[in-house]
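Structure, as structure tokens:
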Amino acid sequence: MANYSTNEFKGGLKIMLDGEPCNILENEYVKPGKGQAFNRVKIRKLISGKVLEKTFRSGESVEGADVMDTELAYLYTDGEFYHFMNNDTFEQIAADEKAVGDNVKWLVENDVCTITLWNGSPITVTPPNFVELEITETDPGLKGDTAGTGGKPATLSTGAVVRVPLFVQTGEVIRVDTRSGEYVSRVQK
Amino acid sequence: MQQWQPTTSHQNRVARANLLRTIRAFFCQRDVLEVETPTLSQGTVTDEHLDAFATDFYYGSTGKPVSLFLQTSPEYAMKRLLCADSGAIYQISKAFRHEGEGRWHNPEFTMLEWYRPGFSHVELMAEVDALLIATLDTEPADKISYQQAFIDVLGLDPLTATNHALDDKMRCCGIDINAPETLSIDSKLQLLFGQAIEPIIGRERPCFVYGFPASQAALARINPEDKRIADRFEVYFQGAELANGFYELCAPDEQRRRFAQDNEKRRAAGLPTKPIDEYFLSALEAGLPDCAGVALGIDRLLMIKVGARHIQDVINFPVSRA
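Line order of the protein sequences matches chains B and H. Number 225 marks the last residue of the first sequence (the numbering used here); no jumps. Number 323 marks the last residue of the second sequence (the numbering used here); no jumps.
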């Protein structure tokens, strides 16, 4: 993988730091009139998800990270691995539990997810922003309550638990925002 | 290809024209003479962390090619005018620095530089403040010494701090850099200043910081009462380092010594040494009147004036489109 000098730094560039692939979020060139030049960089570590700040001497070079995002459809899990497929080439890739992490609760068959590959192996799985899932269990709500004050917990088919309005019932399919984990609407079947 | 277009708005171009008019009126009223000096020079700055663009001149009277440097500021040539009894002078010119671009940086930029014979840096600070009031309509500026700023914000005396104390403080401030022990004390001070002090000074009104460590004197004289500091000041406002001024060093011997020291530092750092401007040193030998001078970045001043986030918003064609 190529090395990048600080002059090439910009948001979105993938570099290696402490043996972990990272994404540059922000890069600021700082140089006092008479002083040494530095790059102050905000970085997200792609495996741990940690965000940190790092200072580089201007002109320093760092190793690039072979990281790419690919759009793949979720197929199934065999209990150990989660299998995804490229809908154009039919090529399949298996992600382990670590790569899927908490997002396992948003995996819906045939939904297209963003899989981040590092050296060809999946390191993170990002579900679509919105998914549709069936409620498997929730307390029966009060009839006539449409205001949705407070709401109640509902368990979905994947095991995810979200707060829903009182009028939403077991067996219904709802739309959820995976970034916030919040209920959006009911889905007409 | 949309890259041919300017990165500025028409509104910002008008603001620049108005700003330049205000500045010229300010100096006209104060009887400071506008001058021009060459942007190409045979000598250049020796500072370890300042690099000039160089070019070759094939048509010199000696018949041999000569290296010419684009000025990093018009300082040496303007001081030669002062040595030739010009009296108070100012210049609005392009300055060039061979370094990176960023939110506050373009390698080619517009600089306002002026000199006041008979002024100390204290009197000049008052005049810079008056210019900021005239151009940005600011409240009168705050003033704090470099030492006091470090003590107030970081609880650290920059004039006596050891390398160890600076390393500790950098860690406390979250400055994560490889091999911090190889940085000079001045670079550590500058990193701390940029990370911890700059963000909190000069928010509401400009802030003058004066009395820089003698090791960062550049072309300022050393303070006669406290040899640890130089009579140098900088102006910070809304996150920008706006201006840098000196009670000017007049002694030719000391000036030559500082140039040689700079080149020594360059050699030690594995950087090429730079030719010393002998015209400038000869002028100092003829006698530079007691004076103070300051350089102010016009693009940054304009950024603040129009509320621009990036220097590209006020420079028609930044280096990436030059």
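Each residue gets a CB set at the ideal place from its N, CA and C atoms; glycine is no exception. No experiment lies behind these values; they were computed from the predicted model shown.
From H:Q92, H:Y248, H:H106, residue whose alpha carbon lies closest to that of H:R98: Nearest option by C-alpha distance: H:H106.
Proximal chain B residues relative to H:R104, where beta-carbon distance stays under 8 Å: Taking a Cβ-Cβ threshold of 8 Å, the residues of chain B close to H:R104 are E64, Y65, in chain order.
Nearest to H:L20 (by Cα), restricted to the options H:L132, H:M79, H:A215: The option with the nearest alpha carbon to H:L20 is H:L132.
B:P189, buried or exposed, once every other Cβ within 10 Å from all chains shown has been counted against 16: Exposed is the call here.
First and last residue of the uninterrupted beta strand (DSSP E) at H:G212: 208-214 is the extent of the beta strand (DSSP E) around H:G212.
Bounding residues of the alpha helix (DSSP H) (the contiguous stretch that carries H:R14): Taken as a continuous stretch (DSSP letters only), the alpha helix (DSSP H) holding H:R14 covers 11-30.
Residues from the stretch 215-249 of chain H in contact with chain C, defined by Cβ distance under 7 Å: As a matter of chain content, chain C is missing from the structure shown, whose protein chains are B and H.
Distance between beta carbons of H:M79 and H:I93, contact taken as under 8 Å: About 12 Å separates the beta carbon of H:I93 from that of H:M79, a gap too long to meet the 8 Å contact definition.
Own chain partners of H:R229 with C-beta closer than 8 Å, once the 5 adjacent residues on each side are dropped: Taken in chain order, the residues that qualify are L160, P214, A215.
Residue-level contact to chain B via CB, H:E100, 8 Å cutoff: Taking Cβ atoms only, chain B reaches closer than 8 Å to H:E100, which makes this a yes.
Coil, strand or helix - H:P253 by DSSP: Helix, per DSSP.
Within-8 Å CB hit, H:D48 to chain B: Any Cβ of chain B closer than 8 Å to the Cβ of H:D48 would place that residue at the interface, and such an atom is present.
Burial state of H:T56, where buried means 16 or more other Cβ atoms lie within 10 Å: By the 10 Å Cβ count, H:T56 comes out exposed.
Nearest candidate by alpha-carbon position, reference B:H119, set B:F126, B:T160, B:E89, B:Y110: Just measuring C-alpha positions, the residue of B:F126, B:T160, B:E89, B:Y110 sitting nearest B:H119 is B:Y110.
Amino acids of chain H, ordered along the chain, whose beta-carbon sits closer than 7 Å to that of B:K90: What B:K90 touches in chain H, judged by beta-carbon distance under 7 Å, is D177, going in chain order.
Same chain only: Cβ atoms within 8 Å of H:G1, ignoring 5 sequence neighbours per side: The structure shown has nothing for residue 1 of chain H, since chain H only spans 2 to 323.
Supposed contact pair H:I152 and H:D158 - C-beta distance, whole angstroms, cut 8 Å: Their Cβ separation, rounded to whole angstroms, is 6 Å, which keeps H:D158 and H:I152 in contact under 8 Å.
Candidates H:E76, H:T9, H:T40: closest to H:F70 by CA position: Looking at H:E76, H:T9, H:T40, the one whose alpha-carbon comes closest to that of H:F70 is H:T40.
Buried or exposed by the 16-neighbour rule on C-beta atoms within 10 Å, applied to H:R120: Checking the displayed sequence, the identity of residue 120 of chain H turns out to be Phe instead of Arg. So H:F120 ends up on the buried side.
Endpoints, the beta strand (DSSP E) within which H:L125 is located: For H:L125, no beta strand (DSSP E) segment is defined; the enclosing uninterrupted segment is the alpha helix (DSSP H) at 122-137.
DSSP three-state assignment for H:C174, whether helix, strand or coil: Look at H:C174 here: in three-state DSSP terms it is coil, with no helix or strand label.
Beta-carbon proximity of H:V67 to H:F58, cut-off 8 Å: Contact: yes.
Contact set between the stretch 134-152 of chain H and chain B, restricted to residues whose Cβ is under 8 Å from the partner: Across the stretch 134-152 of chain H, no CB contact with chain B closer than 8 Å is found for any residue.
Spatial distance of B:G137 from B:G95 (CA atoms): A direct Cα-Cα distance of roughly 37 Å separates B:G137 from B:G95.
Bridge partner(s) assigned by DSSP for B:W154: Paired residues: B:V103, B:S157.
Distance CB(B:L153)-CB(B:E170) smaller than 8 Å: The criterion of a C-beta distance shorter than 8 Å is not satisfied by B:L153 and B:E170.
CB of H:V129 within 8 Å of CB of H:V295, strictly: Going by C-beta atoms, H:V129 is nearer than 8 Å to H:V295.
Touch test, the stretch 121-137 of chain B against the stretch 150-165 of chain B, Cβ-Cβ under 8 Å, three pairs minimum: Judged by pairs of C-beta atoms under 8 Å, the stretch 121-137 of chain B touches the stretch 150-165 of chain B, as three or more such pairs exist.
The stretch 230-239 of chain H in contact with the stretch 166-184 of chain H per 3-pair CB rule at 8 Å: No: fewer than three Cβ pairs fall under 8 Å.
Cβ of H:L41 within 8 Å of any chain B Cβ: No, H:L41 does not count as interfacial toward chain B.
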